[in-house]
Amino acid sequence: MQSKSLIASLSLAAIASFTTPAHAQVEIQWWHAMSGPLGEWVNDLVKGYNDSQKDYKVVATYKGTYPETLTAGIAAFRAGNQPDILQVFEVGTATMMASKGAIVPVGKVMKDSGLKFDPSGYVSAVAGYYTAPNGQMLSMPFNSSTTIFYYNKDAFKAAGLDPEKAPKTWAEVALAAAKLKASGHACPFTTSWISWTQLESFSAWHNVEFATKGNGMGGNDARLTFNGPLQVRHIQDLENMAKQGLFVYKGRENKADTTFPSGECAMLTGSAGLLGNVKKNAKFNYGVAPLPYYEDVAGAPQNTVIGGASLWVMSGKPADHYKGVASFFNYLSSPEVQSESHKRTGYLPITTAAFKLTEQSGFYKQNPGADVAVNQMIRKTTDKSRGIRLGNFLQIRTIIDEELEQVWAGKATAKQALDKAVARGNEQLEKFQAANKS
Amino acid sequence: MAAEKRVVFRSPWLPLALLAPQAAVIGVFFFWPAAQTVMQSFQQQDAFGTSTSWVGVENFVHLFQDRSYIESFKTTAIFSVSVAVFGIAISLLLAYFADRAIRGALVYKTLLIWPYAVAPAVAGVLWLFMFAPSIGVVAYALRKSGIDWNHLLNGDQAMLLIIMAAIWKQISYNFLFFLAGLSSIPKSLIEAAAIDGAKPWRRFWTIVFPLLSPTTFFLLVINIVYAFFDTFGIVDAATEGGPGKDTAILVYKVYYDGFKALDLGGSAAQSVIIMSIVVVLTVLQFKFVEKKVNY
């Protein structure tokens, strides 16, 4: 008898729980490419937002690597069931910008929602990258990183180097590498994202053009110029280091990333977003420093260029979805959430308010090096250093990988490789220009 | 005449209706996508497909102006021939011994069939781990024995790596067919030859191999198709086409241009070219190789 009434009351409760909300929650689909600790971070952000209000429910779905996520978004758009929000890496930015019918500019989404939105509150080197020439913000900066220098303090000590003094210039890197090798280190220096660190950021850092038209920020008719004397000199220096076993090539994209926290390589240039991984997995004392430079170059160091990804709003969704997206973006860019994300992942704070909040909290004092990336980015930029935004950029980066591999293998000189990469890359730019005549 | 009994369909619709399910499956999963590919190869589209324009043969012209594309024909030829020839030879050897094995034959057979369940990309990663220059077990052993293994910068080693991975992945399939082929050869034939004094090697070449020729021919066609179309996952996981373009076989470029670079027109044009190559190769094989096959 008792059990019967229990079942009855339980089923009543079940019915009640299905019917009580006065209006249904609007579900916002977000496809992203963050795995491992970064995936946990995304899930925590979504949980934080969903708990903070009742009208919308953001559902985050992991769709694979950056290129896979972009491809998934495109396939879904073609089939008419695209997500509301798609995370796209910086290399895909020009593609997204050119696909006018597929996206809704973030500036418009925020304006239509009536929420307070001030684009000038964003760090200009970050937001500027995602802003159209007419000043409208096209996508929401999300996980922005830049290139920094990591080194193994214990290995430095063992090699008789001062562990508290990171090499500032490339000459010092070569010297440190020689000492590390002499002390028995098999991989003194390596790099991830070779195009991004050794050519793109390298050029901006020395205030030298990577491509014409303000590195492509000014239009689709840009052409590559990274075969200038300074870049050739740098690749030549790296080639010499490679010959002596001081620079060890570890593969394309971020394949080299694991070699630093594992202790295999003593120095690495890579994304600031790697810091969280290093913090968690490195079993040695490490240091973080700005990218090395050539001290005889006037204007160096300037600033480094952005990497990472931003959030694009897809078109063709009902109006209440866009309100939800705006409210979610508003939550994401609040100084508290931003500052928390910055501390947790090593990605850049995207608003100046978030940076100030982090500074006030004393985080940079307790974590020396955590502000390296920020300081490289929060600077007055020039036309040559603002950012690099090119069509078919993915192909151009692969071409650079392919041609530079010829240098490390001793089959081509630095000059030959860069000339060829520029020529082949320009074909890609011409193709993109032809396909996207507006 | 009267003795011959022939079944004749009275209505012309019945045979068509019986064929329909199969035809529908082939139509939807093969002819339709293939036709779409041919159509797309004459188009240029932005990534999201919001604007499409007809460009004639421009996609093809672009391809043949690209010297690295022409070079990848050579890379593909080396890769495909190696995968097909060595893949078939090794599986035949394994099947021959597994067929002769008396004890534990089932264990051998099961273990040899296993790799077939592995996805190409996973096969690529497995081999990559063994041969990774800094952490790989095999790379370590090679270095100990004086061979400096670094497929990141040595193109020949990179090619060897993807060939090995591709063969390993396909051995199970070949093995199964050879095993079935071997078990259908009457033991009496071999025993008769043995009584006549033929040694195992001679018995293999004069009896077993000719009787297996239909299987071998079938596998040759299948393996060539496999090497041409089904191996991009291995290349992507193991070498990404590098170093330089040393392992960028044709189908890898189709995958890269279509799925990473989002150039559907260019990717479709390449698919059409590969399709034509495989069609021509298959026709040639039927015309010349099949003559040597005894059914």
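Taken in sequence, the protein lines are chains G and F.
So that you can map any letter, position 431 of the first sequence is 474 in our numbering, and since no number is skipped, the others follow by simple counting.
So that you can map any letter, position 67 of the second sequence is 69 in our numbering, and since no number is skipped, the others follow by simple counting.
C-beta atoms are modelled at their ideal positions from N, C-alpha and C, and glycine is treated no differently.
- Message: Using the Cβ count rule (16 or more neighbours within 10 Å means buried), how would you classify G/D87?
- Response: Looking up residue 87 of chain G in the first sequence gives position 44. Counting the other Cβ atoms within 10 Å of the Cβ of G/D87 gives fewer than 16, which makes it exposed.
- Proximity to G/K222 [Cα-Cα], best of G/P344, G/L289 and G/G79: In the first sequence, residue 222 of chain G corresponds to position 179, counting from 1. Nearest option by C-alpha distance: G/L289.
- Outcome for F/W203 when other beta-carbon atoms lying within 10 angstroms are tallied against a minimum of 16: Counting from 1 along the second sequence, the entry for residue 203 of chain F is found at position 201. By the 10 Å Cβ count, F/W203 comes out exposed.
- Task: For the alpha helix (DSSP H) holding F/L95, just list the boundary residues, first then last.
- Result: Counted from its first residue, the second sequence places residue 95 of chain F at position 93. From DSSP, the alpha helix (DSSP H) with F/L95 extends over R69 to R102.
- Message: Measuring alpha carbon to alpha carbon, tell me which residue in G/Q96, G/Q419 and G/Y292 is nearest G/G453.
- Response: Taking the first residue of the first sequence as 1, we reach residue 453 of chain G at position 410. The residue from G/Q96, G/Q419 and G/Y292 with its alpha-carbon nearest to that of G/G453 is G/Y292.
- Query: In its own chain, which residues sit with a C-beta less than 7 Å from the C-beta of F/H64, not counting the 5 before and 5 after it?
  - Reply: Working through the second sequence from its first residue, we reach residue 64 of chain F at position 62. Only G268 meet the Cβ criterion.
- Query: Nearest chain F C-beta to G/D444 closer than 8 Å, yes or no?
  - Reply: Residue numbering aside, residue 444 of chain G sits at position 401 when the first sequence is read from its first letter. For G/D444, the answer is yes, since a Cβ of chain F falls inside 8 Å of its Cβ.
- Item | For F/Q45, the three-state DSSP class (helix, strand or coil) | Counting from 1 along the second sequence, the entry for residue 45 of chain F is found at position 43. Secondary structure at F/Q45: strand, using DSSP grouped into helix, strand and coil.
- Residues of the region 24-51 of chain F with Cβ closer than 7 Å to any Cβ of chain G, in chain order: Answer set for the region 24-51 of chain F: Q46, D48, A49, F50 and G51.
- Message: Along the chain, where does the alpha helix (DSSP H) containing G/M357 start, and where does it finish?
- Response: The residue given as residue 357 of chain G occupies position 314 in the first sequence. Here G/M357 belongs to no alpha helix (DSSP H); instead the beta strand (DSSP E) covers I349 to M357.
- Please check if any C-beta of chain G sits within less than 8 Å of the C-beta of F/F261. As a working mapping, residue 261 of chain F is identified with position 259 in the second sequence. Output row for F/F261: interface = yes.
- Should F/G106 be flagged as near chain G, meaning a C-beta pair shorter than 8 Å? Start at 1 with the first residue of the second sequence, and residue 106 of chain F comes out as number 104. Not an interface residue.
- Cross-strand partners of G/F132 (DSSP beta bridge): Locating residue 132 of chain G in the first sequence gives position 89, counting from the first residue. Partner(s): G/A352.
- Could you tell me which of G/E338, G/D462, G/L81 and G/G150 sits nearest to G/L447, measuring between CA atoms? Stepping through the first sequence from its first residue, residue 447 of chain G is reached at position 404. Of the candidates G/E338, G/D462, G/L81 and G/G150, the one whose C-alpha sits nearest the C-alpha of G/L447 is G/D462.
- Item | Cβ shell of F/A86 (< 7 Å), same chain only, five flanking positions each side left out | Here residue 86 of chain F refers to the residue found at position 84 when the second sequence is read from its first residue. Hits under 7 Å: L222, N225, I226 and A229.
- Item | Three-state class that DSSP yields for G/A103 in the structure shown | For the purposes of this step, residue 103 of chain G is taken as residue 60 along the first sequence, with counting starting at 1. In the structure shown, G/A103 sits in a strand (DSSP, three-state: E or B).
- Query: Taking the alpha-carbon positions, what's the F/Y142 to F/P135 distance?
  - Reply: Within the second sequence, residue 142 of chain F is the residue found at index 140, counting from 1. Within the second sequence, residue 135 of chain F is the residue found at index 133, counting from 1. Near 7 Å, if we compare the C-alpha coordinates of F/P135 and F/Y142.
- Could you spell out the range, first to last residue, of the beta strand (DSSP E) harbouring G/N195? Within the first sequence, numbered from 1, the residue matching residue 195 of chain G stands at position 152. Counting along the chain, the beta strand (DSSP E) containing G/N195 begins and ends at M183 to N195.
- Could you tell me whether the Cβ of G/P176 comes closer than 8 Å to any Cβ of chain F? The sequence position of residue 176 of chain G within the first sequence is 133, counting from 1. Chain F, which has no Cβ nearer than 8 Å to the Cβ of G/P176, makes this no.
- Query: With a Cβ-Cβ cutoff of 8 Å, do G/Y390 and G/G430 count as a contact?
  - Reply: The residue labelled residue 390 of chain G in the question sits at position 347 within the first sequence. The residue labelled residue 430 of chain G in the question sits at position 387 within the first sequence. In this structure, G/G430 does not lie closer than 8 Å to G/Y390 by Cβ.
- Query: Which first and last residues belong to the alpha helix (DSSP H) in which G/G82 is found?
  - Reply: Counting from one through the first sequence, the residue named residue 82 of chain G turns up at place 39. Element bounds for G/G82: G79 to S95.
- Anything in chain F within Cβ reach of G/R295, meaning under 8 Å, just list it in chain order. The residue you call residue 295 of chain G lines up with position 252 of the first sequence. Within chain F, the residues E242 and G244 have their CB atoms less than 8 Å from the CB of G/R295, given in chain order.
- Message: Quick test of your reading: G/S187 and G/W355, contact by CB under 8 Å. State the CB separation rounded to the nearest angstrom.
- Response: For the purposes of this step, residue 187 of chain G is identified with residue 144 of the first sequence, where counting begins at 1. For the purposes of this step, residue 355 of chain G is identified with residue 312 of the first sequence, where counting begins at 1. Not really, about 14 Å apart at Cβ, beyond 8 Å.
- C-beta atoms of F/A123 and F/A239 nearer than 8 Å: Here residue 123 of chain F corresponds to residue number 121 of the second sequence, with the count starting at 1. Here residue 239 of chain F corresponds to residue number 237 of the second sequence, with the count starting at 1. Taking 8 Å as the Cβ cut-off, F/A123 and F/A239 qualify as a contacting pair.
- Please specify which runs of the beta strand (DSSP E), each continuous and at least 3 residues long, are wholly inside the region 204-277 of chain G, giving them in chain order. For the beta strand (DSSP E) assignment, the uninterrupted runs of no fewer than 3 residues enclosed by the region 204-277 of chain G are, from N- to C-terminal side, 230-234.
- Across which residues does DSSP place F/W56 in a beta bridge pair? Position 54 of the second sequence, counted from the first residue, corresponds to residue 56 of chain F. For F/W56, the beta-bridge partners assigned by DSSP are F/Q45.
- Quick one: Cα of F/M132 to Cα of G/Y336, how far? Within the second sequence, residue 132 of chain F is the residue found at index 130, counting from 1. Within the first sequence, residue 336 of chain G is the residue found at index 293, counting from 1. Spanning the two alpha carbons is a distance of roughly 37 Å.
- Query: Helix, strand or coil for F/H153 per DSSP?
  - Reply: Within the second sequence, numbered from 1, the residue matching residue 153 of chain F stands at position 151. If DSSP states are grouped into helix, strand and coil, F/H153 belongs with coil.
- Task: Identify every residue that forms a DSSP beta bridge with G/E70.
- Result: Position 27 of the first sequence holds residue 70 of chain G. DSSP, once it has assigned bridges, lists G/K100 as partnering G/E70.
- Task: Please list the segments of the alpha helix (DSSP H) lying wholly inside the region 185-253 of chain F, counting only runs of 4 or more residues, in order along the chain.
- Result: Runs found: 189-197, 202-205, 215-231 and 234-240.
- Task: Check whether the Cβ atoms of G/V102 and G/W84 lie closer than 8 Å to each other.
- Result: In the first sequence, counting from the first residue as 1, residue 102 of chain G sits at position 59. In the first sequence, counting from the first residue as 1, residue 84 of chain G sits at position 41. In this structure, G/W84 does not lie closer than 8 Å to G/V102 by Cβ.
- Task: Measure from the C-beta of F/S136 to each C-beta in chain G and report whether the shortest distance is under 8 Å.
- Result: Indexing the second sequence from 1 puts residue 136 of chain F at position 134. At a cut-off of 8 Å between beta-carbon atoms, F/S136 makes contact with chain G.
- Item | Contacts of G/Q241 in chain F (Cβ-Cβ under 8 Å) | Here the question's residue 241 of chain G lines up with position 198 in the first sequence. Per Cβ cutoff of 8 Å: no residues; G/Q241 is ~16 Å from chain F at best.
- Assign G/A309 to one of three DSSP states: helix, strand, or coil. The residue labelled residue 309 of chain G in the question sits at position 266 within the first sequence. G/A309 carries a strand assignment under DSSP once its states are collapsed to helix, strand and coil.
- Using the C-alpha atoms, what's the distance from G/I278 back to F/K247? Within the second sequence, residue 247 of chain F is the residue found at index 245, counting from 1. Within the first sequence, residue 278 of chain G is the residue found at index 235, counting from 1. F/K247 and G/I278 have their alpha carbons spaced roughly 20 Å apart.
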